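Undergrad: Last residue of the sequence shown: number 532 in my numbering, and the count goes up by one each step with no gaps. Ideal placement from N, C-alpha and C gives every residue a C-beta, glycine not left out. Since the model is a prediction, treat every value here as computed from it, not as a measurement. Dumping the structure here so I can ask a few things about it.
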Amino acid sequence: MKTHVIQLNHFDDFISIKDKISWSKASRILVVWPDHGKILLTHIDLLLILRQADALGAQLAFVSDDQKLVELSKEVGIQVFESIPSAYKSPWRRSKWIKRRGFEERKSKKIDMHQETFQKTEDLHFLNSRLVRIPFFILGLLAVGALVAFFVPSASLGVEAVSEVKTLELAISANPDTSMVNFSGAVPAHIVYVDVEDSYDGISNGYVRIPGLNSSGELTFRNLTEGEVRIPAGTIVRTANDPLVRFQTNSLLVLPEGINSIGRVRAICLEGGVVGNVPPYTVTAIEGIVGGSVAVENPSSFSGGTDIKTLTPSEDDYAKASEALKISMKNKADDLFRSEFTGINLFVDGTLTQEAVIFEERFPEVNLPGERFTLRMKSKYSIWTISNNDLIELVILASKSIIDEGETIDLDSIQIANTSSPRFDTDSNLRWTISAKMIVKPEIDEAILAGRLAGLSMKEAERLIERDTSLKLINNVVINPSFWNRMPYLSFRIGVHIDG
33 MKTHVIQLNH FDDFISIKDK ISWSKASRIL VVWPDHGKIL LTHIDLLLIL
83 RQADALGAQL AFVSDDQKLV ELSKEVGIQV FESIPSAYKS PWRRSKWIKR
133 RGFEERKSKK IDMHQETFQK TEDLHFLNSR LVRIPFFILG LLAVGALVAF
183 FVPSASLGVE AVSEVKTLEL AISANPDTSM VNFSGAVPAH IVYVDVEDSY
233 DGISNGYVRI PGLNSSGELT FRNLTEGEVR IPAGTIVRTA NDPLVRFQTN
283 SLLVLPEGIN SIGRVRAICL EGGVVGNVPP YTVTAIEGIV GGSVAVENPS
333 SFSGGTDIKT LTPSEDDYAK ASEALKISMK NKADDLFRSE FTGINLFVDG
383 TLTQEAVIFE ERFPEVNLPG ERFTLRMKSK YSIWTISNND LIELVILASK
433 SIIDEGETID LDSIQIANTS SPRFDTDSNL RWTISAKMIV KPEIDEAILA
483 GRLAGLSMKE AERLIERDTS LKLINNVVIN PSFWNRMPYL SFRIGVHIDG
């Protein structure tokens with residue numbers, strides 16, 4: 033047989049010993065007392081430990097040299113060994129206390145069986161009596177009838193909750209700093225943004241002169257060296273003072289040898305317009321390496337340069353275009369807000385604002401020729417919005433003051449209309465008033481109504497519903513079986529359908 037050895041410590045007591053024994057799965061349990069220290073147990077403690085082992089179906093023995101424990105164990109019937117090896121070698125005997133208790137239990141059980149058999153025999157004689165059987169048979173029939181009356185009948189009916197339309201007037205205030213709906217009427221104002229791009233085409237109303245024909249004239253070059261000087265065609269000369277006007281020679285000029293030898297050549301102004309009509313002796317500078325060898329002057333004025341008068345957009349044209357674009361873009365922004373942001377109940381028109389101009393493009397610029405002009409602009413717009421869900425939440429909060437206990441609001445029936453236009457107060461809060469209509473219905477519990485109708489006759493059930501102002505009978509009461517004229521006594525057998 034398997035033996036489970038339990039080594040005790042000096043701090044163990046009756047409870048810890050029982051706990052250790054209760055974990056054992058072996059058929060024999062050997063409890064070893066510690067060499068040092070004493071575990072104080074009473075006669076009752078040993079009996080309870082023995083019963084614990086017996087309840088597990090195991091034999092119990094101790095290993096100890098404590099004389100007091102040996103004497104107590106002997107009285108209880110627990111075998112005590114001197115050492116663990118001797119416990120393994122010696123046979124174990126069953127406790128006399130357990131044997132005696134088992135015998136007494138078997139004896140008591142045998143007596144109880146005889147008494148039970150005698151009692152059953154007496155009962156059979158009693159039940160075989162006709163005077164007893166007939167009343168019991170009648171009681172059985174009545175019990176079956178009662179069960180049928182309780183469980184078989186069923187009923188069904190349809191009722192409608194009588195609704196009522198109620199109206200609520202509320203003063204609303206909104207601000208972006210408000211974070212949540214408040215019972216006082218404050219709701220959050222949400223700022224939303226969109227980008228709008230548009231262009232404006234117009235006719236130019238300004239005038240500008242643009243260069244037409246180029247002026248021309250004659251230049252005189254003077255040799256500053258003793259040798260021959262060649263002045264190539266295309267040599268650039270200019271005026272010495274502002275504004276600087278540049279000219280270009282038309283052909284090759286060769287100055288003969290000798291200081292102060294001169295030559296003449298035609299030149300044309302590089303810029304068109306009257307700017308090239310310079311007076312005599314104003315063209316005195318030469319560009320290029322040839323300038324160190326010769327000097328230049330125009331003994332006569334240059335002429336023939338003309339300007340052309342043409343249309344150009346003016347600043348006033350672009351200012352008017354900008355104002356027109358702002359109106360157009362503001363309308364576009366309003367349409368864009370309403371199409372992109374769904375679920376918004378109120379757009380506060382007074383808050384539609386151009387936050388910033390992202391870019392502005394002009395073509396052509398002012399003073400550049402052009403019979404027509406185009407202004408393109410892209411701007412960011414913002415607007416205050418009030419969420420429809422926030423207004424509904426506020427209406428639900430405020431409606432508690434107008435609905436009675438046991439009533440509920442049909443949330444889909446809430447209709448909100450502004451009764452005044454939103455206006456800003458001195459604190460930049462948006463204020464206005466609304467009117468809210470809603471359908472209020474009584475809360476009907478099918479189980480409670482079925483409990484009120486249970487056990488009533490059909491007429492009584494119909495009268496009870498008619499007297500209840502919150503209910504309206506929409507279907508006749510139907511009871512099964514059809515000959516039964518009373519509502520079922522069990523409420524769960526009554527089917528109540530509430531419409532609306």
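With DSSP collapsed to three states, give me the class of ASP444.
TA: Three-state DSSP puts ASP444 in a strand.
Undergrad: Which two residues bound the contiguous beta strand (DSSP E) that contains SER411?
TA: From DSSP, the beta strand (DSSP E) with SER411 extends over 404-419.
Undergrad: Any contact of the segment 395-412 with the segment 218-238, i.e. 3+ C-beta pairs under 8 Å?
TA: Output reads yes: the segment 218-238 touches the segment 395-412.
Undergrad: Going by C-alpha to C-alpha distance, which of LYS362, PRO311, GLN111 and ASN461 sits closest to VAL389?
TA: Ranking the options by Cα distance to VAL389, first place goes to LYS362.
Undergrad: For PRO474, report the span of its beta strand (DSSP E) as first-last.
TA: Residues 462-474.
Undergrad: Report the CB separation of LYS473 from GLU425 in whole angstroms; it is logged as a contact under 8 Å.
TA: In fact, because the Cβ distance is near 20 Å, the residues do not count as touching under 8 Å.
Undergrad: From LEU189 to LEU488, what does the alpha carbon distance come to, in whole angstroms?
TA: Those two C-alpha atoms are separated by around 14 Å.
Undergrad: Report the three-state DSSP secondary structure of GLU397 (helix, strand or coil).
TA: It is coil, neither helix nor strand.
Undergrad: Where ALA221 and LYS358 are concerned, what is the direct C-alpha to C-alpha distance, given to the nearest angstrom?
TA: Their backbone Cα atoms lie some 25 Å apart in a straight line.
Undergrad: From LEU92 to ARG125, what distance separates their C-alpha atoms?
TA: Looking at the two C-alpha atoms, the distance is approximately 9 Å.
Undergrad: In the DSSP assignment, find the alpha helix (DSSP H) that holds ALA356 and state where it starts and stops.
TA: Run containing ALA356: 347-372, per the alpha helix (DSSP H) assignment.
Undergrad: Using a threshold of 8 Å, state whether the C-beta atoms of GLY22 and LEU400 are closer than that.
TA: The shown model of the chain, from 33 to 532, leaves out residue 22, and the question about it has no answer.
Undergrad: Are at least three pairs of beta-carbons, each pair with one atom in the segment 325-334 and one in the segment 214-229, less than 8 Å apart?
TA: Touching, no.
Undergrad: Decide if GLN84 is buried, meaning its Cβ has at least 16 other Cβ atoms within 10 Å, or exposed.
TA: Buried, since its Cβ has 16 or more Cβ neighbours within 10 Å.
Undergrad: Would LEU256 pass as a contact of PHE279 if the rule is Cβ separation under 8 Å?
TA: For LEU256 and PHE279, no; Cβs fall outside 8 Å.
Undergrad: Does DSSP put GLU425 in a helix, a strand or coil?
TA: If DSSP states are grouped into helix, strand and coil, GLU425 belongs with the helices.
Undergrad: If the criterion is Cβ atoms closer than 8 Å, does the pair ILE321 and VAL269 meet it?
TA: Their beta carbons are not under 8 Å apart, which means ILE321 does not touch VAL269 by this criterion.
Undergrad: PHE253: buried (16+ other C-beta within 10 angstroms of its C-beta) or exposed?
TA: Answer is buried; the Cβ neighbour count reaches 16.
Undergrad: Please determine, among SER332, MET490, VAL63 and ALA119, the residue with the shortest C-alpha to C-alpha distance to ILE526.
TA: Among SER332, MET490, VAL63 and ALA119, the Cα nearest to that of ILE526 is on MET490.
Undergrad: When burial is assigned at 16 or more other CB atoms within 10 Å of the CB, is TRP55 buried or exposed?
TA: So TRP55 counts as exposed.
Undergrad: Would you tell me roughly how many angstroms separate the C-alpha atoms of PHE135 and LEU80, rounded to the nearest one?
TA: Annotation note: pLDDT 45 at PHE135 (below 50); position unreliable, coordinate value reported separately. Their backbone Cα atoms lie some 19 Å apart in a straight line.
Undergrad: Nearest to LEU378 by alpha carbon, out of THR316, ALA187 and ARG455?
TA: Selected option, being the one with the closest Cα: ARG455.
Undergrad: To the nearest angstrom, how far is the alpha carbon of GLU392 from that of GLY238?
TA: Whole-angstrom Cα-Cα distance: 20 Å.
Undergrad: Taking 8 Å as the limit between beta carbons, can you name the residues of its chain near ILE143, skipping five residues before and five after?
TA: Any reading at ILE143 must be qualified, since the residue scores a pLDDT of 48, below 50, and its modelled position is unreliable; the value itself is stated next. Once the five neighbours on either side are set aside, ILE143 has no close Cβ partner at all.
Undergrad: Cβ of THR316 within 7 Å of any heavy atom in the ligand ATP?
TA: Ligands in the displayed structure: none, and consequently the ligand ATP is not present.
Undergrad: Under 8 Å between the Cβ atoms of SER22 and ALA482?
TA: Outside the displayed span of the chain (33 to 532) sits residue 22, for which this structure offers no information.
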